[in-house]
Amino acid sequence: MSAETTDVHAEHGEHEGMTRKRIWSVFWILLGITVVEFIVALAIAPHFEHANWINPIYIVLTLFKAYFIVAFFMHLKFEKVGMVLAIIVPILFIIGLILVLTNESHYWVGLRL
Amino acid sequence: MSTVVAQPVDEIKSTPWSGGKSPFEVEYGKIMMWFFLLSDAFTFSSLLIAYGSLRFSAPVWPAASKVFQSVPGTSLEQGYPLVFVGIMTFILIASSVTMVLAVEAGHRNSRKEVIGWMIATIIGGFMFLSCQALEWNHLHSEGFWWGHIPTKETLEEFFDKGIPLAQQQFTAQEFANLFFTITGFHGFHVFSGVIINIIITINVLAGTYDRRGSYLMVEKVGLYWHFVDLVWVFVFTFFYLV
Chain H
1 MSAETTDVHA EHGEHEGMTR KRIWSVFWIL LGITVVEFIV ALAIAPHFEH
51 ANWINPIYIV LTLFKAYFIV AFFMHLKFEK VGMVLAIIVP ILFIIGLILV
101 LTNESHYWVG LRL
Chain Y
114 MSTVVAQPVD EIKSTPWSGG KSPFEVEYGK IMMWFFLLSD AFTFSSLLIA
164 YGSLRFSAPV WPAASKVFQS VPGTSLEQGY PLVFVGIMTF ILIASSVTMV
214 LAVEAGHRNS RKEVIGWMIA TIIGGFMFLS CQALEWNHLH SEGFWWGHIP
264 TKETLEEFFD KGIPLAQQQF TAQEFANLFF TITGFHGFHV FSGVIINIII
314 TINVLAGTYD RRGSYLMVEK VGLYWHFVDL VWVFVFTFFY LV
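In order, the protein sequence lines correspond to chains H and Y.
Mapping of the first sequence onto the numbering used here: position 71 corresponds to residue 71, and the numbering continues sequentially without gaps.
For any residue, its number in the numbering used here is found by taking its place in the second sequence, counting from 1, and adding 113.
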């Protein structure tokens, strides 16, 4: 417990990164991105049936939201570089799984048709 | 004898990686929460990638704008896609903000503010869970469940025109299983998050963290709560938008 208290005081200076003003601006950014997603889904997508450029838009906007949540709400932007790498680098393995399984599912389509 | 100035061998190194302190300057419990969330991210991405690959491999899929077009609990039955899930998303983002405000109040050791924001977060969590219950109940009343799909007559309402019944039945079942499994797993995370938030709030009320001198526990449950929000961002995109 004493270790916890000392660490907290050592870290204290870095937490100034997240003021109340900044928290609310991140909230408005997240809300704004969600509203853009809704506009794309309700007003733009119905005019272009089977367009294959709409899903990438959703995914890019989603990754933007994920960045703002992890960097600011979860405070990762203000941690040491080593800490950031320890969390972000393992996530890259997920890209490998996506590549493997999308490739596999293209093969399944062929089997099913 | 020698004039060469030797390097002192017993000099104490004080670089971040020379031991004796956390090179990341993060307290043990917090770093373990991060690594737990990393493993949880792998679990959720496995589920979502399984969903993606099954959906890619299916020639047809139930249209999201036809499956989710009502606002359960109101008289708006048809023609309102994304309205209800929009409310759910707003609730979860708002409760994430109240959580981060509780963490911020914790840094200033302001107990009253922490309590207020924690209670707001818990209410947001319960609101989200209630919406999820309504959504599940609505889909269940239409005939979707694990291992169950709507009857032949009603099934075509959920697809674009001109798709053979056999294909509809096949992918509707895949959709139902994946939807209830993934949103159920996420809902379970929200539920445990609410329980943990309640425990921490009780500790705040009891003055545990004032005695400890830090509100770091609020920060740790905050990480978990934001992660739940983060997962919802992806579930929302891949089930309701794509």
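Just so it is clear, CB atoms sit at the ideal spot from N, CA and C, and this is done for glycine as well.
- Taking a C-beta cut-off of 9 Å against chain Y, the contacting residues of the segment 67-80 of chain H are ILE69, VAL70, PHE72, PHE73, MET74, HIS75, LEU76, GLU79, LYS80, listed in chain order.
- Legend: CB atoms of the segment 31-55 of chain H lying less than 7 Å from CB atoms of chain Y belong to residues LEU31, THR34, GLU37, PHE38, ALA41, LEU42, ASN55.
- Each residue's CA atom was taken as its position, placing PRO129 of chain Y and PHE137 of chain Y some 8 Å apart.
- At a cut-off of 7 Å, the C-beta of PHE64 of chain H has no neighbouring C-beta in chain Y.
- For ILE295 of chain Y against PHE241 of chain Y, the beta-carbon gap comes to about 15 Å, at or over 8 Å, which does not count as contact.
- GLU332 of chain Y is positioned such that its CB atom lies no closer than 7 Å to that of VAL227 of chain Y.
- Taking the Cα of PHE340 of chain Y as reference, the smallest distance to any Cα among Y:GLU269, Y:MET212, Y:TRP259, Y:GLN286 is reached at Y:MET212.
- When 7 Å is used as the limit between beta carbons, HIS339 of chain Y is near these residues of chain H: ILE69, PHE73, MET74, in chain order.
- Against chain H, the beta carbon of PRO277 of chain Y has no neighbour under 9 Å; the closest one sits roughly 12 Å away.
- Around ILE94 of chain H, the beta-carbon contacts reaching into chain Y at under 8 Å are ALA154, PHE155, SER158, ILE162.
- Counted as a single uninterrupted DSSP element, the stretch harbouring THR264 of chain Y is not any alpha helix (DSSP H), since DSSP gives it neither H nor E.
- Counting the other Cβ atoms within 10 Å of the Cβ of LEU278 of chain Y gives fewer than 16, which makes it exposed.
- The contact set of VAL331 of chain Y on chain H, defined by CB atoms closer than 8 Å, is empty, because the minimum CB distance reaches about 12 Å.
- Contact of VAL89 of chain H with chain Y by beta-carbon distance below 7 Å is absent, the smallest such distance being about 10 Å.
- Per DSSP, the beta-bridge partners of TRP258 of chain Y are Y:HIS261.
- By the neighbour-count criterion, in which a residue is buried when 16 or more other Cβ atoms sit within 10 angstroms of its Cβ, PRO172 of chain Y is exposed.
- When the alpha-carbon of CYS244 of chain Y is set against those of Y:GLN280, Y:ILE200, Y:SER170, Y:TRP230, the nearest one is in Y:ILE200.
- Secondary structure at ASN55 of chain H: helix, using DSSP grouped into helix, strand and coil.
- For VAL344 of chain Y, the closest alpha carbon among the candidates Y:GLN280, Y:GLY306, Y:LEU214, Y:ILE276 is that of Y:GLY306.
- Taken through DSSP and simplified to helix, strand or coil, TYR193 of chain Y comes out as coil.
- Assigned with DSSP and collapsed to three states, GLY133 of chain Y falls in coil, not helix or strand.
- At least 7 Å separates the CB of ILE236 of chain Y from every CB of chain H.
- Taking LYS77 of chain H as the centre and dropping the five residues before and after it, the same chain places the C-beta of ALA71 closer than 7 Å to its C-beta, in chain order.
- Of the candidates H:ALA86, H:ARG20, H:ALA41, H:GLU37, H:GLU37 places its Cα closest to the Cα of LEU61 of chain H.
- Interface residue (Cβ-Cβ distance to chain H less than 7 Å): GLU138 of chain Y is classified as such.
- Residues of chain H whose Cβ lies closer than 9 Å to the Cβ of TRP230 of chain Y do not exist, since the nearest Cβ in that chain is about 11 Å away.
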